[in-house]
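Take the sequence shown: its letters are residues 9 to 519, numbered as in this note's numbering.
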Amino acid sequence: MFVPQTMTEMWATMGSTIASFMFISAIIRQYCPYELRLYFGKYTKLIMSFFYPYIKISIHEYTGDRLKRSEAYAAVEAYLSINSSKCAKRLKAEMAKDCSKLVLSMDEYERVKDEFKGIKVWWVSSKVMPPSQSMYPQQERRFYRLTFHKRHREIITEEYLKHVMQQGKDIRLKNRQRKLYTNGSANKWQIYKQTGWSHIVFEHPATFQTLAMEPAKKQEIIEDLVTFSKSKDFYARIGKAWKRGYLLYGPPGTGKSTMIAAMANLLNYDVYDLELTAVRDNTELRKLLIETTSKSIIVIEDIDCSLDLTGQRNKKDEKSPDEDKKKSEKETRKEHKEETSSRVTLSGLLNFIDGIWSACGGERLVVFTTNYVEKLDPALIRRGRMDKHIELSYCSFEAFKVLSSNYLTLEAHPLFDKIESLMKETKITPADVAENLMPKSPLDDAEKRLSHLIQALEEAKAAAEATEKAEKEASRINAQADEATKPAEGSAKEDAAQPQENSHFKSQIAH
Ligand SMILES: Nc1ncnc2c1ncn2[C@@H]1O[C@H](COP(=O)(O)OP(=O)(O)OP(=O)(O)O)[C@@H](O)[C@H]1O
Ligand SMILES: [Mg+2]
9 MFVPQTMTEM
19 WATMGSTIAS
29 FMFISAIIRQ
39 YCPYELRLYF
49 GKYTKLIMSF
59 FYPYIKISIH
69 EYTGDRLKRS
79 EAYAAVEAYL
89 SINSSKCAKR
99 LKAEMAKDCS
109 KLVLSMDEYE
119 RVKDEFKGIK
129 VWWVSSKVMP
139 PSQSMYPQQE
149 RRFYRLTFHK
159 RHREIITEEY
169 LKHVMQQGKD
179 IRLKNRQRKL
189 YTNGSANKWQ
199 IYKQTGWSHI
209 VFEHPATFQT
219 LAMEPAKKQE
229 IIEDLVTFSK
239 SKDFYARIGK
249 AWKRGYLLYG
259 PPGTGKSTMI
269 AAMANLLNYD
279 VYDLELTAVR
289 DNTELRKLLI
299 ETTSKSIIVI
309 EDIDCSLDLT
319 GQRNKKDEKS
329 PDEDKKKSEK
339 ETRKEHKEET
349 SSRVTLSGLL
359 NFIDGIWSAC
369 GGERLVVFTT
379 NYVEKLDPAL
389 IRRGRMDKHI
399 ELSYCSFEAF
409 KVLSSNYLTL
419 EAHPLFDKIE
429 SLMKETKITP
439 ADVAENLMPK
449 SPLDDAEKRL
459 SHLIQALEEA
469 KAAAEATEKA
479 EKEASRINAQ
489 ADEATKPAEG
499 SAKEDAAQPQ
509 ENSHFKSQIA
519 H
């Protein structure tokens, strides 16, 4: 008959088993030759793996040359930061490299359980010290180890790990702080730098909500941007690089730069502010382009001032073949050298926008801004390069209401009617409206700031009327002068026939 063992008996049996095992292993270690032990060890592992049904996968923080942190490790860390903060008992809080908030992750040697399609897996965070071969202190090597049953091998390696990577990347994207990149002027130290871009954290507060613009137009732009950001599969299907060009044009102070910041904030993109005048040549331009990452906006502000694109093209067209021949070969070579060492050409810029390199990375917006859209070469702004043209114009009453809600937290006011009628009669930029709505002293209330705006509008109206009057006057004088010269011309013909008679009238006009 089976008699259940008491707890004490069980412990005693286990203790003696362990003691005998240790004794035997000590004997083997002492009397067994090394080769035999190795042989023995290999087979023990094989036998063990036969009975041990679990598979382990390690993901190390640094692999290979240790220069770059492994993307996979970072993704697992992010994935587990959400998962582990719910169930792990020991957590560590760190200020993430690019992040403004504390990120929780599981502490060393902590173990968390995860479940995927009903399958249980375990994650352990661990670290090892590398064998110290050099006199310098070595950094510990951290890694995550995933354990799962071997019967789920396929589903874990093919589906679960993919899911972890994707989720981890998404979490990192959400947590990351965006950057504003700029290409500095090329100097002699540039060659030692790995990248042509320098960056700072992008923290512009502009959003589409605060942007003063007609609501319908604003909504159209937002929808266009959001549709673009979700169209990865669509672009792949139609065989087009996943990028879109925007041309923002309008007078100074109408919100072109503000809109770019709002775009970046809406889509959570980085901004590459490309200063074309600091780019030496087309090769450097291409290098800069390749270095940009996906989920970014590449901005070229005031494109008409950055380059004499139209000029260059015309210059080339104007040259006659004879002229080229006349120049000595040396001269031509010098000219060519000067051009390539200091200039980006229109064709270089077009290549930048739609050449094959521009497809590397995907999910990019290219935004040009200009005050004079008519100055740009049509090739540069044709659809396909600059897909959407957005005009930012003077402040309308609708746009003013956005500004008044931002600056004064006012949706309605008795002075609004006057402002509306003045805005119909005169032009004012949103930048000027914004400036007038700013408080100039602690005592400035909404009414005072609105009256500042009314005053500015009245001044603008008076100035516009004065200019109009002066223009009218000038055209009247011109017309008069034309009138005066007409009889003179007519009389000149008559003069030829009767030279003496009209000489008195001619001298009068001249006088
Ligand atoms: N549409 C707008 N909505 C909200 N604020 C605006 C708008 N337009 C201009 N502003 C205000 O005016 C300032 C200047 O605007 P912004 O720099 O965007 O003009 P811009 O069109 O880029 O001018 P420029 O052609 O001279 O570069 C901004 O800081 C912002 O406060
Ligand atoms: Mg600007």
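Cβ coordinates follow ideal geometry from the N, Cα and C atoms, glycine included.
Residue 281 is classed as buried because its beta carbon has at least 16 other beta carbons within 10 Å across all chains shown. Remark: the C-beta of residue 283 is outside contact range of ligand 2, defined as less than 7 angstroms to any heavy atom. One residue after another in chain order, those with a Cβ under 7 angstroms from a heavy atom of ligand 2 are 264, 265, 309 and 377. Counting only the Cα atoms, residue 437 lies some 16 angstroms from residue 378. Beta-carbon to beta-carbon, residue 158 and residue 63 are separated by about 5 angstroms, close enough to satisfy the 8 angstroms threshold. Per DSSP, residue 123 is one residue of the beta strand (DSSP E) stretching across 119-124. Taking a contact to require three or more Cβ pairs closer than 8 angstroms, the segment 125-139 and the segment 150-170 qualify as touching.
For residue 421, there is no enclosing beta strand (DSSP E), as DSSP marks it with neither H nor E. Shown here, residue 380 sits in coil according to DSSP, grouped into three states, outside any helix or strand. Counting C-beta pairs closer than 8 angstroms gives fewer than three between the segment 178-193 and the segment 240-258, which falls short of the contact rule. For residue 379, the shortest C-beta to heavy atom distance toward ligand 1 is below 7 angstroms.
A Cβ-Cβ distance of about 6 angstroms is found for the pair residue 298 and residue 365, placing them in contact under the 8 angstroms criterion. Taking all protein chains shown into account, residue 19 has fewer than 16 neighbouring C-beta atoms within 10 Å of its C-beta and is therefore exposed. Counting along the chain, the unbroken beta strand (DSSP E) around residue 399 starts and ends at 396-399.
In this structure, DSSP gives residue 191 an extended state, which the three-state scheme calls strand.
With a threshold of 7 angstroms, the Cβ atom of residue 439 counts as near ligand 1, since some heavy atom of the ligand is closer than that. When the five nearest sequence neighbours on each side are left out, the beta carbons in the same chain lying within less than 7 angstroms of the beta carbon of residue 191 are those of 204, 205, 282, 283, 286, 287 and 296, in order along the chain. Uninterrupted alpha helix (DSSP H) stretches at least 4 residues long and entirely within the segment 187-272 occur at 223-237 and 240-246, given in chain order. Rounded to the nearest whole angstrom, the CA to CA distance from residue 385 to residue 363 is 18 angstroms. The three-state secondary structure of residue 285, taken from DSSP, is helix. In the structure shown, residue 115 falls within a coil segment according to DSSP collapsed to helix, strand and coil. Residue 258 has its Cβ nearer than 7 angstroms to a heavy atom of ligand 1.
Assignment of residue 435 by DSSP, reduced to helix, strand and coil, places it in the coil class.
With respect to the 8 angstroms criterion, residue 445 and residue 401 are not classified as neighbours on the basis of their beta carbons. Between ligand 1 and residue 445, a heavy atom-to-CB distance of less than 7 angstroms is absent. Ligand 1 has no heavy atom closer than 7 angstroms to the beta-carbon of residue 489. Rounded to the nearest angstrom, the Cβ distance from residue 458 to residue 434 is 16 angstroms, too far for a contact under 8 angstroms. Here residue 263 has 219, 220, 221, 400, 438 and 439 as same chain residues with Cβ atoms under 8 angstroms from its own Cβ, once five neighbours each way along the sequence are excluded. Under the three-state reduction of DSSP output, residue 128 falls in the strand class.
In the DSSP assignment, no residue is bridged to residue 39. Taken through DSSP and simplified to helix, strand or coil, residue 184 comes out as coil.
For residue 221, the Cβ falls inside the 7 angstroms cut-off from some heavy atom of ligand 1. The bridge partners DSSP lists for residue 155 are 64 and 130. For residue 209, the number of other beta carbons within 10 angstroms of its own is below 16, and it is reported as exposed. Annotation for residue 395: 252 and 253 place their beta carbon closer than 6 angstroms to its own, counting only its chain and skipping 5 residues before and after.
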